[in-house]
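See below for the structure under consideration.
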Amino acid sequence: MAKGLSTNKLSNLAGLSQSYVRNLEAGKYDNPTVDSLELICDALGITFEDFVNYGDLSLSQLKAMKVVRMLSDEQLEGFCQLVNPQKDPDGRP
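In terms of the numbering used here, the sequence shown is residues 1018 to 1110.
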């Protein structure tokens, strides 16, 4: 948990149930409410805007990030080789 908070401590600070925070952290909820996220942001001492700021990433890049996060280490390695193959010293893939 970021900032060294346990799930129990964060849930208490945010006023949310421990099971809700645990399931949210585990990715079991695809669409948490903005209200819940704002409570968590307040508990963490960050703004909601900072929490959702992805800079200049496009929607396609955000979707790709979501897919990549679901890959196993082995799948991620294969994906990386596919999109950015290592080149030999002669510059050939």
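The C-beta atom is built at its ideal place from N, Cα and C for all residues, glycine as well.
Owing to the predicted nature of the structure, the values given are computational and were not obtained by experimental measurement.
Pick from the options that is closest to residue i, judged by C-alpha positions
i: residue 1033; options: 1056, 1080, 1070; result: 1056
Short Cβ contact (7 Å threshold) for residue i with residue j
i: residue 1024; j: residue 1039; result: yes
i: residue 1060; j: residue 1030; result: yes
Under the three-state DSSP convention, the category residue i falls into
i: residue 1024; result: helix
i: residue 1056; result: helix
i: residue 1018; result: For residue 1018, the pLDDT reaches just 48, beneath the cut-off of 50, and the residue's location in the model is therefore unreliable, although a value from the coordinates is still provided. In the structure shown, residue 1018 sits in coil (DSSP, three-state: anything other than H, G, I, E or B).
i: residue 1029; result: helix
Boundaries of the alpha helix (DSSP H) in which residue i is found, first to last residue
i: residue 1079; result: 1076-1086
i: residue 1040; result: 1035-1042
i: residue 1092; result: 1090-1100
i: residue 1067; result: 1065-1069
Beta-carbon contacts of residue i that lie in its chain and below 7 Å, excluding the five residues immediately before and after
i: residue 1035; result: 1024, 1025, 1028
i: residue 1089; result: none
Contact set for residue i: own chain, Cβ-Cβ below 8 Å, skip 5 residues either direction
i: residue 1074; result: 1082
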